[in-house]
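For reference, the structure is listed below as structure tokens.
Residue numbers (our numbering): 858 to 1335.
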């Protein structure tokens, strides 16, 4: 089938309107004067606006309205107009705080200029790669893009079901299914993002439809830099940290090979976790809303995003309760003991947002994850070491992380109540060990199908933590 020609003006509107509306919505969340605020607003605004665009599509379909881009764009624009006075009111309330603009010496300015030039060149080359190739990633073609293409042709959000249900359908206009049996029930934010841009472009097949992944990487960098500056890190340190993140080969791969959900999940989870750190350290309520929105986005992006979103929600609960660390340890020990008892008794419960959680001897299920046989797979260790320290995906990041942890153990004398950011990284590490060392997903680690993608989710948080450790302020560490 010959695809229709692309409409450049409408496609440009599809790219830029969500960014504008999201930035308007993000403005009150990052209230108060301070370095980096405008970058955080613009960066997070892109992801928030993309989320708003998917909600607009869902609402139009639920109301039975046609998926016409003109009407959808008007609806999204009206949302931006409704959010505009909210942003002005909140921003006006927080104008009292002022800051002194940092002035860099000439050598530091030159370094920042070189880093910016290198990133511009790198992402121009990535844009060239995107424009020269079709959408071809396995996940994109098997899991995400087919839904968007079907919706584009049907003019509605047609239902997708598993192969068993599809075989039982009695009408030609019945539900659809995908080649990957599990993908039919995956969260739908990524195909909705693709659909939004297809509707704007007026076509379902064009290399420019991959540009949102380039925009996602760049806006992750913008928001990351802004949050580093808002955390009190200097301009030069923040610029170097942003460069180290955006120049990582594996992040570049997920920018060039568009169509995967992992870049979006990485952005939502990491920006939510870093915003939690801002709420915990500075008591900024807007940062809590950023984390909440990020948690919701995580759950809409990918099945593992349910776990990541719950981690953000638990982090919010921890900050809100502000319990003593001994009390937290007691609660944690109690929960671990109850889980061990559940294994012994073979119990099962239904957890809101997560789904069924059951524990049977040597087998467990947590929501959509499972049921899985518990068995230790030592061969995963070699794959993890190779992925982190031998392959070229992460440059020297994990060497730096290992060295930092080693030095902390040697020289740290004042072990205070750990920050929520540190606990989120620890909890995710435990999750990775449980999944890749003790379940059938070990194969996804030793074959490198999923391992590096899972690592990517936490990398921006790790880079932020490392640079904050090196540039720690007088009031403590991050």
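Idealized CB from N, CA, C, for every residue including glycine. Keep in mind that this is a model prediction, so the values were computed, not measured.
- In the displayed model, residue 1157 falls within a helix according to three-state DSSP.
- In the structure shown, the three-state DSSP call for residue 1315 is coil.
- Annotation: the stretch 1037 to 1106 contains the following complete segments of the alpha helix (DSSP H) (minimum length 4 residues), in chain order: 1046 to 1058, 1068 to 1087, 1092 to 1103.
- CA-CA distance, residue 927 to residue 1221, rounds to 48 Å.
- Counting of Cβ neighbours within 10 angstroms places residue 1157 among the buried residues, the total reaching 16 or more.
- Scanning 1012, 924, 985, 913 for the CA closest to the CA of residue 936 turns up 913.
- In this structure, residue 1097 and residue 1254 do not form a Cβ contact; the two beta carbons are roughly 13 Å apart against a cut-off of 8 Å.
- Around residue 1141, the same chain offers 1135 as residues with beta carbons nearer than 6 Å, after the five sequence neighbours per side are excluded.
- Residues of the same chain with a CB within less than 7 Å of the CB of residue 1233, apart from the 5 flanking positions on each side, are 1294, 1295 in chain order.
- Excluding sequence positions up to five before and after residue 969, its CB lies within less than 8 Å of the CB of 961, 1092, 1093, 1096, all in the same chain and listed in chain order.
- Under DSSP, residue 1017 forms a beta bridge with 1033.
- Secondary structure at residue 1004: helix, using DSSP grouped into helix, strand and coil.
- Here DSSP, grouped into helix, strand and coil, assigns residue 1115 to coil.
- Within the same chain, and ignoring the five residues on either side of residue 1155 in sequence, the residues whose Cβ sits closer than 8 Å to its Cβ are 1122, 1125, 1126, 1129, 1162, 1163, 1165, 1166, 1169.
- In terms of Cβ geometry, residue 1041 and residue 1049 do not form a close pair [threshold 7 Å].
- For residue 903, the enclosing alpha helix (DSSP H) has its first and last residue at 894 to 919.
- A Cβ-Cβ distance of about 6 Å is found for the pair residue 987 and residue 1115, placing them in contact under the 8 Å criterion.
- When C-alpha distances from residue 1239 are compared across 1212, 1017, 885, 1303, the shortest belongs to 1303.
- Annotation for residue 1303: the continuous alpha helix (DSSP H) segment containing it runs 1299 to 1303.
- When the beta-carbon positions are compared, residue 1143 and residue 887 come within less than 7 Å of each other.
- Taking a cut-off of 8 Å for Cβ pairs, the stretch 1182 to 1196 and the stretch 1060 to 1077 do not touch, as fewer than three such pairs fall below it.
- Residue nearest to residue 1024 within the set 1011, 1015, 1038, 1263 is 1038 (criterion: CA-CA distance).
- Judged by DSSP in its simplified three-state form, residue 993 adopts coil rather than helix or strand.
- A distance of 7 Å or more separates the beta carbons of residue 1082 and residue 1256.
- The residue from 1077, 1046, 964 with its alpha-carbon nearest to that of residue 997 is 1046.
- The Cβ neighbour count for residue 1010, taken over all protein chains shown within 10 Å, is under 16; the residue is labelled exposed.
- For residue 1249, the CB contacts under 8 Å within the same chain, skipping 5 residues up- and downstream, are 1106 in chain order.
- About 6 Å separates the beta carbon of residue 878 from that of residue 933, a gap short enough to meet the 8 Å contact definition.
- Straight through space, the alpha carbons of residue 964 and residue 1306 are spaced by roughly 43 Å.
- Annotated three-state conformation of residue 1251 is coil, per DSSP.
- For residue 1281, the enclosing alpha helix (DSSP H) starts and ends at 1277 to 1295.
- Assigned with DSSP and collapsed to three states, residue 1141 falls in coil, not helix or strand.
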